[in-house]
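For the sequence shown, counting from 1, position 71 maps to 93 in this note's numbering; every step adds exactly one.
For glycine and all other residues, C-beta sits at the position ideal for the given N, C-alpha and C.
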Amino acid sequence: MSSFDENIAELRAITDDQVEEDIPTPIQHDPGFEPLIQRPPYRNPASAPPPETIAPSPAAPQAYSPAMAPLLFTLSTIYGATSVALGAFGAHGLKKRISDPARITNWSTAAQYQLIHSVALLATSLALPQRTARIPGALWVAGMTMFSGSIYLLVLDPVRFRALGPVTPLGGLCLIGGWVGLGIVGRRFVPLR
């Protein structure tokens, strides 16, 4: 028998009790001191029991599944892509047609708000169950459509679309309502200390 095989046989002969006896205990410097980090006792992997499976808590959010707001996920990607495209158009193509810098700034603001809320919608659709995500999600979709959409149209033709002026603040209220709604319905998914 080779020395390697002898070492393996010797290691297999060591029991868990022998290994645990060899581990030094933490030193206590004064009464009542408990070390913050204690090393768990070594266990021989060959004799270790199989790991226990831990069932997830029913209140804990699960990994993404089809029940986790696929419509909001799709809408978030559409709104995100259009916000990038419209932002690029505003930065490059719109400057050739509109000379008023305030209108260009309004366009950029609309694209920025649309992109921010698209990312929020994406995160909400992935992190929360469908029933929970639909309240803030619906408010954000309505808010992006009314707020950003009305600004885009007002920048393109302020005379023709002047009736949309009051729609912009309503869209802003929907965006705010989405954040408030997320705070209310999503509260049960945030671990409390």
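Are the beta-carbon atoms of residue i and residue j separated by less than 7 Å?
i: residue 196; j: residue 159; result: no
i: residue 143; j: residue 162; result: yes
i: residue 170; j: residue 189; result: no
i: residue 157; j: residue 207; result: yes
i: residue 94; j: residue 133; result: no
Report the rounded CA-to-CA distance for residue i versus residue j, giving the unit in angstroms.
i: residue 124; j: residue 136; result: 18 Å
i: residue 146; j: residue 128; result: 27 Å
i: residue 130; j: residue 152; result: 31 Å
i: residue 150; j: residue 184; result: 38 Å
i: residue 115; j: residue 211; result: 44 Å
i: residue 122; j: residue 98; result: 31 Å
i: residue 175; j: residue 119; result: 14 Å
i: residue 103; j: residue 200; result: 20 Å
i: residue 108; j: residue 191; result: 20 Å
So, for residue i: in the same chain, excluding its five sequence neighbours on each side, which residues have a beta-carbon less than 8 Å away from its beta-carbon?
i: residue 167; result: 193
i: residue 58; result: The predicted position of residue 58 is uncertain, since its pLDDT is 48 and thus under 50; no value can be drawn from it.
i: residue 117; result: 126
i: residue 110; result: none
For residue i, is the classification buried or exposed, using 16 other Cβ atoms within 10 angstroms of its Cβ as the cut-off for buried?
i: residue 141; result: exposed
i: residue 105; result: buried
i: residue 187; result: exposed
What residues in its chain sit with their C-beta under 7 Å from that of residue i, if we drop five residues either side in the sequence?
i: residue 178; result: none
i: residue 204; result: 146 and 158
Would you check whether the ligand NAD has a heavy atom nearer than 6 Å to the C-beta of residue i?
i: residue 147; result: With respect to the ligand NAD, the structure shown offers nothing to examine, as it has no ligands at all.
Note down, in chain order, each residue of its chain lying with its Cβ closer than 6 Å to the Cβ of residue i, except the 5 sequence neighbours on either side.
i: residue 91; result: 147, 152 and 155
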